[in-house]
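This report concerns only the one structure given below.
Protein chains: 2
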Amino acid sequence: MSNFQIEAQNCANDINNALDEALSKEQFFEPYGAIPKHLLLAMRHGTLNGGKRLRPLLLRQTAAIFNVPHEQTIIAGMALEMVHCYSLIHDDLPAMDNDDLRRGQKTVHKEFDEATAILAGDNLLTLAFEILASPKDHKETELRLKLISELAKSAGACGMVGGQMLDLASENETLSLKEIDNIHAMKTGALIRASVRMGAIIGLASDRELIALTKYGELAGRAFQLADDILDETATDRQLGKTTGKDKKSGKATLVANIGVKESKVKLLEIIEQAKAALSLFGEKANSLRASVDYFGQRES
Amino acid sequence: MSNFQIEAQNCANDINNALDEALSKEQFFEPYGAIPKHLLLAMRHGTLNGGKRLRPLLLRQTAAIFNVPHEQTIIAGMALEMVHCYSLIHDDLPAMDNDDLRRGQKTVHKEFDEATAILAGDNLLTLAFEILASPKDHKETELRLKLISELAKSAGACGMVGGQMLDLASENETLSLKEIDNIHAMKTGALIRASVRMGAIIGLASDRELIALTKYGELAGRAFQLADDILDETATDRQLGKTTGKDKKSGKATLVANIGVKESKVKLLEIIEQAKAALSLFGEKANSLRASVDYFGQRES
Chain Y
111 MSNFQIEAQN CANDINNALD EALSKEQFFE PYGAIPKHLL LAMRHGTLNG
161 GKRLRPLLLR QTAAIFNVPH EQTIIAGMAL EMVHCYSLIH DDLPAMDNDD
211 LRRGQKTVHK EFDEATAILA GDNLLTLAFE ILASPKDHKE TELRLKLISE
261 LAKSAGACGM VGGQMLDLAS ENETLSLKEI DNIHAMKTGA LIRASVRMGA
311 IIGLASDREL IALTKYGELA GRAFQLADDI LDETATDRQL GKTTGKDKKS
361 GKATLVANIG VKESKVKLLE IIEQAKAALS LFGEKANSLR ASVDYFGQRE
411 S
Chain X
111 MSNFQIEAQN CANDINNALD EALSKEQFFE PYGAIPKHLL LAMRHGTLNG
161 GKRLRPLLLR QTAAIFNVPH EQTIIAGMAL EMVHCYSLIH DDLPAMDNDD
211 LRRGQKTVHK EFDEATAILA GDNLLTLAFE ILASPKDHKE TELRLKLISE
261 LAKSAGACGM VGGQMLDLAS ENETLSLKEI DNIHAMKTGA LIRASVRMGA
311 IIGLASDREL IALTKYGELA GRAFQLADDI LDETATDRQL GKTTGKDKKS
361 GKATLVANIG VKESKVKLLE IIEQAKAALS LFGEKANSLR ASVDYFGQRE
411 S
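Order-wise, the sequence lines are chains Y and X.
Its first residue numbered 111, the first sequence is counted upward by one per residue in my numbering.
Its first residue numbered 111, the second sequence is counted upward by one per residue in my numbering.
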């Protein structure tokens, strides 16, 4: 395994263990007793399903530039994954993208039912903010509030949720490349950008450092989405563990549909180089972040 | 109008104005530009629809015991309403309670569509935490974190969302009075309890004061839910602006179905007296809170 693969695997293990623990407690909250078991199982099904944990990885790699130990990025990483997984659970619903398959398993509403999927998503989102408010990883109150604010903004109406709304509205519409780019920046890019920025916040980055990392985060988000769209066009269902070719079928706006696979791959490599260039300020300390965005150009699932 | 009515009206006006402003901004978040208009309209439809704003009222009445001016309870009151309204939007969905009517108007998924209703709810929940993290009303960082934590816990799997899950699962099941009570305490009671506790947190209540107010909050929540169930049985659709008699039709567990309307009304008055008794510590300063819980016994819509 490459250094990148080892690092990614370690991060995934840490986050999986933390999520497993956070989602197995019998009681969260006095005086009302235990969480309904059915709901807990649905939340576990929607999160503990072999996700790559790339957002927590970007967060811990960014924090590591500032010598923050990995142990102090677990809560924030979990919160990012809870928000990411809630968005997948809701996006898969029949009223949205109507997907039966996710990471090779039944989606939450197929394994359970729609009501349970809606509530499991709602609760993962709520829980993300609950754990970010806790002092476990960070004693500094201002820092915790900054993390909450960053996550909420990126997940909200001008970020992830807004992007999903525009994406649904774009079905069978003809959009300009700029419009497509903006939808992607909101739907996928905002949370990836936030992952990097939350790492920078934990690392107490200077304004100049935050600007550079934000630029990297935006470009990494674009690279990630473009790689995803290329895979949707070229990979098989089995490779991805989800239904492929769906974008085309549903008439969804993607860059690949507009400029073709070959040109998209050239574009992807360009964006990756730009992302790495944005890290020049940090020298070798940012090598992990460089490896992550390189991975976006090579991944096969 | 009674003093209570004037106070309730003033509170509703303040919260409506604040929500109107918060949900009319063209931009929330750099660098992604404007919130999709469709989503904004759906969020407005689901919040600015004549709600009574009882949760912000309980919050400001509690804070007023500690001489906190009303202006410093607006953000927390708005956050409570955003969470309350998101829960109504999601609960009304076809996969959940399947309701077409809410406060005399079409529900969000009927006026727009299901995907938009899901996303509008998701975003209201997200926005609640975003505004609570902002320093506008409260400079003290610890206080803001306490409010976030309180709201998240009450809205989560052992509170509101968990209660809705159990409520759905209870359809056509025979439950004990204790089980019914617990579902109500979670589904409705948790957020009402949190409204009072958030007021106490803003007021920097002592432990002893917080315990007394928590007790009041729990009893007020029970009174509110019981009054709601009685009205569901006795009022007309027109009075309530929503579909009545639904609980019976869907075989849902309510106390009224178990012990009848007459005995439920006796029980309601008992709970109201207990709630008022819990406030003895505060003397006349808690008269507003007493009037609120009295109102639960008299309301007709």
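We put the CB at the ideal spot given by N, CA and C, even for glycine.
Source: prediction; values computed, not measured.
Same chain, Cβ closer than 6 Å to A322(X), neighbours up to 5 away in sequence not counted: Within the second sequence, numbered from 1, the residue matching residue 322(X) stands at position 212. Counting only Cβ-Cβ distances below 6 Å, and skipping sequence neighbours, we find A388 and L391.
Length of the line joining the Cα atoms of Y196(Y) and A186(Y): What you label residue 196(Y) is simply residue 86 of the first sequence in a count that begins at 1. What you label residue 186(Y) is simply residue 76 of the first sequence in a count that begins at 1. About 15 Å.
Measuring CA to CA, which of P166(X), E343(X), S374(X) and I290(X) is closest to G309(X)? For this step, residue 309(X) is matched to residue 199 along the second sequence. Answer by Cα proximity: P166(X).
Can you check whether the C-beta of M188(X) is within less than 8 Å of a C-beta belonging to chain Y? If you number the second sequence from 1, residue 188(X) lands on position 78. It does not; no Cβ of chain Y falls within 8 Å.
Are the C-beta atoms of E252(Y) and some chain X residue less than 8 Å apart? Numbered from 1 along the first sequence, position 142 holds the residue referred to as residue 252(Y). Output row for E252(Y): interface = yes.
Own chain residues within Cβ distance below 8 Å of E224(Y), not counting five before or after: Here residue 224(Y) refers to the residue found at position 114 when the first sequence is read from its first residue. These residues qualify, in order along the chain: L203 and P204.
Tell me which same chain residues have a C-beta within less than 7 Å of the C-beta of A122(X), skipping the five on either side of it? By one-based count along the second sequence, residue 122(X) stands at place 12. Result list for A122(X): K162 and R163, in chain order.
Quick check on N74(X) - is its C-beta less than 8 Å from some C-beta in chain Y? No answer is possible for residue 74(X): the residues shown for chain X start at 111 and end at 411.
Note down the Cα distance separating R170(X) from L190(X), rounded to an integer number of angstroms. Taking the first residue of the second sequence as position 1, residue 170(X) is located at position 60. Taking the first residue of the second sequence as position 1, residue 190(X) is located at position 80. Those two C-alpha atoms are separated by around 12 Å.
Terminal residues of the alpha helix (DSSP H) in which Q182(Y) lies: Against the first sequence, residue 182(Y) aligns to sequence position 72. From DSSP, Q182(Y) is part of no alpha helix (DSSP H); its letter is neither H nor E.
Can you tell me which of N127(X), S374(X), G331(X) and I312(X) puts its alpha carbon nearest to the alpha carbon of L341(X)? Here residue 341(X) refers to the residue found at position 231 when the second sequence is read from its first residue. Minimum Cα distance to L341(X) is reached at S374(X).
Option in L237(X), R212(X), K395(X) and L158(X) with minimal Cα separation from G269(Y): As a position in the first sequence, residue 269(Y) is number 159, starting the count at 1. Comparing Cα positions, the closest option is L237(X).
CB contact below 8 Å: Q408(Y) versus chain X: Sequence index remark: in the first sequence, residue 408(Y) carries index 298 (1-based). So no, Q408(Y) is outside the interface.
For A144(X), three-class secondary structure by DSSP: The residue you call residue 144(X) lines up with position 34 of the second sequence. Three-state result, A144(X): strand.
Any idea if S134(Y) is buried or exposed, counting beta-carbon neighbours within 10 angstroms, 16 or more meaning buried? If you number the first sequence from 1, residue 134(Y) lands on position 24. Looking at its Cβ environment, which holds fewer than 16 other Cβ atoms inside 10 Å, S134(Y) is exposed.
According to DSSP, what are the bridge partners of L285(Y)? Taking the first sequence and counting its residues from 1, one reaches residue 285(Y) at position 175. Answer is none; L285(Y) lacks a bridge partner.
How would you label I302(X), buried or exposed, when you count the other beta carbons within 10 angstroms and need 16 or more for buried? For the purposes of this step, residue 302(X) is identified with residue 192 of the second sequence, where counting begins at 1. Buried is the call here.
Is any beta-carbon of chain X found at less than 8 Å from that of M308(Y)? By one-based count along the first sequence, residue 308(Y) stands at place 198. Closer than 8 Å: no.
From the beta carbon of M192(Y), is the nearest beta carbon of chain X less than 8 Å away? The sequence position of residue 192(Y) within the first sequence is 82, counting from 1. For M192(Y), the answer is no, since every Cβ of chain X falls outside 8 Å of its Cβ.
Name the two residues that bound the continuous alpha helix (DSSP H) containing V403(X). Taking the first residue of the second sequence as position 1, residue 403(X) is located at position 293. Residues N397 to Q408.
Count the other C-beta atoms from every protein chain shown that fall within 10 angstroms of the C-beta of V366(X), then say buried if there are 16 or more, exposed otherwise. Here residue 366(X) corresponds to residue number 256 of the second sequence, with the count starting at 1. When all chains shown are included, V366(X) counts as buried.
Taking DSSP as the reference, what is the three-state secondary structure of K162(Y)? Against the first sequence, residue 162(Y) aligns to sequence position 52. Coil at K162(Y), not helix or strand.
Go to V218(Y), then tell me how far its alpha helix (DSSP H) extends in each direction, as first and last residue. For the purposes of this step, residue 218(Y) is taken as residue 108 along the first sequence, with counting starting at 1. Here the alpha helix (DSSP H) through V218(Y) covers V218 to E221.
I'd like to know whether the C-beta atoms of L253(X) and M192(X) end up nearer to each other than 8 Å. Stepping through the second sequence from its first residue, residue 253(X) is reached at position 143. Stepping through the second sequence from its first residue, residue 192(X) is reached at position 82. Not a contact, by the Cβ cut-off of 8 Å.
Under 9 Å from the C-beta of S259(Y): neighbouring residues of chain X: By 1-based counting over the first sequence, the position of residue 259(Y) is 149. Neighbours of S259(Y) on chain X, chain order: F239, E240, A243 and S244.
Sub-8 Å separation of L229(X) and Q274(Y) beta-carbons: Residue 229(X) sits at position 119 when you count from the first residue of the second sequence. Residue 274(Y) sits at position 164 when you count from the first residue of the first sequence. Contact flag set, yes.
If you run the structure through DSSP and keep just helix, strand and coil, what is L389(X)? Locating residue 389(X) in the second sequence gives position 279, counting from the first residue. In this structure, L389(X) counts as coil in the three-state DSSP scheme.
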